[in-house]
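Count along the sequence shown from 1, then add 390; that gives the number in this note's numbering.
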Amino acid sequence: MRLSECIGSRDNNLNLLRIVAALAVLAGHSFALLAQPEPWGALTGMTPGSIAVDVFFIVSGMLVTGSLMNKQSVIDYVCARALRIFPALICMLLLTVFVLGPSFTSLPLTEYLSAAGTWQYLFKCASLLSGVSYVLPGVFAQNPYPNAVNGSLWTMPYEIKMYLLLLVFWCGLVLLKNRRLQILKYLIIAITLLAALLVFARHFYLQDDSQFTRLLFMFFSGASLFMLKEKLLLTRRFFYPLLLLVLAAAFINKPVFFSLYHLFIAYLVVCIAYLPAGWVRRYNSLGDYSYGVYIYAFPVQQAVAALFPGIVVWSMVIASGSVTILLAIFSWHKIEKPAMALKPVVIARLRNYLPF
391 MRLSECIGSR DNNLNLLRIV AALAVLAGHS FALLAQPEPW GALTGMTPGS IAVDVFFIVS
451 GMLVTGSLMN KQSVIDYVCA RALRIFPALI CMLLLTVFVL GPSFTSLPLT EYLSAAGTWQ
511 YLFKCASLLS GVSYVLPGVF AQNPYPNAVN GSLWTMPYEI KMYLLLLVFW CGLVLLKNRR
571 LQILKYLIIA ITLLAALLVF ARHFYLQDDS QFTRLLFMFF SGASLFMLKE KLLLTRRFFY
631 PLLLLVLAAA FINKPVFFSL YHLFIAYLVV CIAYLPAGWV RRYNSLGDYS YGVYIYAFPV
691 QQAVAALFPG IVVWSMVIAS GSVTILLAIF SWHKIEKPAM ALKPVVIARL RNYLPF
């Protein structure tokens with residue numbers, strides 16, 4: 391089966407893949423937030439959270455590129471991305487700043503609400519244009535991992551940068567007309583290869599792993615998969631040997647695992663998304679709760695750590711995971727899904743005022 395045969399179908403495992411990735415971030419953070427060593431990271435050099443983030447960026451690169459190529463409209467592209475990210479993000483930030491913050495700050499309420507850091511946190515995290523803020527005044531100051539309110543948000547500005555970079559390439563090729571898609575394909579593949587070289591060079595020669603370079607590689611790996619969808623063969627004959635090879639390397643040698651992981655992770659992700667069939671795909675009908683889990687997990691975990699000093703890691707995973715999933719279900723059904731349903735209306739109105 392080629393990727394082009396299944397990528398347009400909603401009958402897939404993408405929702406399941408993303409919720410597993412989001413829960414892996416939650417589980418991985420549970421160790422850090424309780425100041426405990428994380429075993430998988432010690433073994434392989436890569437934590438479950440970092441692998442999960444890679445999965446998110448690969449899937450995002452593939453789907454977002456597909457959305458842009460199918461619609462070929464700047465308005466459609468920008469509206470789709472904005473309505474997917476910002477309504478749920480802003481709702482979460484309002485709950486964080488005005489419910490969680492006052493409940494856990496060590497400052498008097500009036501001092502907390504009048505502090506510049508409170509409003510800086512809200513507006514900086516809501517815009518995502520110049521990074522994010524991690525600290526609310528007096529909140530979680532005595533936690534094992536002190537002061538950080540939502541460390542997971544660090545990836546969000548990178549995600550926005552990837553969206554904008556892809557859009558810049560698309561708009562920059564507007565004069566090429568009939569050759570636009572072909573040149574964009576070559577450009578995306580070239581960026582993926584260049585990013586791969588930088589990832590390996592920085593890791594092995596500079597011992598300096600750049601988050602931007604890594605996420606650039608992951609996002610454009612996903613984009614490359616979409617651009618090569620007519621030729622990309624998804625088969626268990628390739629998937630299982632490659633998966634076993636990467637897993638075996640994790641227990642043998644860190645440099646070998648690093649190399650094999652980066653070479654094959656994008657292919658493995660897309661195989662997991664589209665190859666397993668049957669009962670496993672029933673999850674897809676429930677909804678996409680991964681974004682809600684991702685943005686709510688960290689503050690919920692910090693609240694659990696503050697309320698239950700001395701809690702052990704797996705109790706943290708269960709307690710915070712239960713609350714986070716409930717918040718994610720609410721976010722999907724009451725915020726995210728209704729916001730995305732507004733896309734046709736928003737696009738129609740914008741087209742009355744904008745020329746592109």
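The beta-carbon is built from N, C-alpha and C at its ideal position, and this holds for glycine as well. The model shown is predicted, which means the values in this text are computed figures rather than measured ones.
Rounded to whole angstroms, what's the CA-CA distance from residue i to residue j? Just pull it up for me.
i: residue 548; j: residue 554; result: 10 Å
i: residue 484; j: residue 531; result: 20 Å
i: residue 708; j: residue 415; result: 13 Å
i: residue 692; j: residue 473; result: 28 Å
i: residue 502; j: residue 681; result: 28 Å
i: residue 719; j: residue 679; result: 6 Å
i: residue 656; j: residue 475; result: 23 Å
i: residue 618; j: residue 566; result: 20 Å
i: residue 533; j: residue 713; result: 19 Å
i: residue 529; j: residue 496; result: 6 Å
i: residue 586; j: residue 444; result: 13 Å
i: residue 727; j: residue 716; result: 15 Å
i: residue 429; j: residue 633; result: 20 Å
i: residue 639; j: residue 434; result: 9 Å
i: residue 488; j: residue 422; result: 26 Å
i: residue 658; j: residue 498; result: 51 Å
i: residue 456; j: residue 701; result: 44 Å
i: residue 669; j: residue 406; result: 12 Å
i: residue 508; j: residue 515; result: 11 Å
i: residue 706; j: residue 439; result: 16 Å
i: residue 408; j: residue 511; result: 27 Å
i: residue 610; j: residue 527; result: 38 Å
i: residue 506; j: residue 500; result: 12 Å
i: residue 568; j: residue 576; result: 14 Å
Within the continuous alpha helix (DSSP H) that includes residue i, where are the two ends?
i: residue 642; result: Where residue 642 is concerned, there is no enclosing alpha helix (DSSP H), given that its DSSP letter is neither H nor E.
i: residue 610; result: 601 to 617
i: residue 728; result: 727 to 731
i: residue 395; result: 393 to 396
i: residue 459; result: 438 to 461
i: residue 834; result: Limits of the chain in this structure are 391 at one end and 746 at the other, which puts residue 834 out of reach.
i: residue 467; result: 464 to 485
i: residue 582; result: 570 to 594
Whose CA, out of the options, lies closest to the CA of residue i?
i: residue 616; options: 444, 571, 494; result: 571
i: residue 481; options: 543, 721, 735; result: 721
i: residue 603; options: 543, 584, 733, 660; result: 584
i: residue 504; options: 515, 516, 491; result: 491
i: residue 446; options: 580, 677, 413, 689; result: 413
i: residue 690; options: 456, 732, 494; result: 494
i: residue 666; options: 626, 698, 696, 655; result: 626
i: residue 486; options: 540, 696, 636, 639; result: 540
i: residue 436; options: 705, 706, 651, 700; result: 651
i: residue 520; options: 600, 406, 545; result: 545
i: residue 538; options: 687, 715, 726; result: 687
i: residue 470; options: 543, 706, 630, 734; result: 734
i: residue 592; options: 648, 511, 623, 641; result: 648
i: residue 696; options: 420, 670, 561; result: 420
i: residue 653; options: 670, 668, 635, 669; result: 635
i: residue 723; options: 676, 600, 465; result: 676
i: residue 561; options: 439, 669, 468; result: 468
i: residue 741; options: 513, 404, 464; result: 464
i: residue 645; options: 628, 590, 456; result: 590
i: residue 542; options: 510, 417, 576; result: 417
i: residue 451; options: 630, 637, 581; result: 581
i: residue 391; options: 706, 629, 731; result: 629
Would residue i and residue j be called neighbours here (beta carbons separated by less than 9 Å)?
i: residue 612; j: residue 660; result: yes
i: residue 432; j: residue 411; result: no
i: residue 478; j: residue 737; result: no
i: residue 458; j: residue 664; result: no
i: residue 424; j: residue 524; result: no
i: residue 462; j: residue 703; result: no
i: residue 552; j: residue 588; result: no
i: residue 594; j: residue 578; result: no
i: residue 574; j: residue 550; result: no
i: residue 401; j: residue 643; result: no
i: residue 454; j: residue 622; result: no
i: residue 397; j: residue 608; result: no
i: residue 671; j: residue 403; result: yes
(request) Go through the stretch 488 to 565 residue by residue and report every complete run of the alpha helix (DSSP H) that reaches 4 residues or more, in order. (result) Within the stretch 488 to 565, the complete alpha helix (DSSP H) runs of at least 4 residues are 491 to 494, 499 to 504, 506 to 517, 545 to 562.
(message) Please give me, in chain order, every unbroken run of the alpha helix (DSSP H) with length at least 4 that falls completely inside the stretch 654 to 706.
(response) Listed in chain order, they are 680 to 697.
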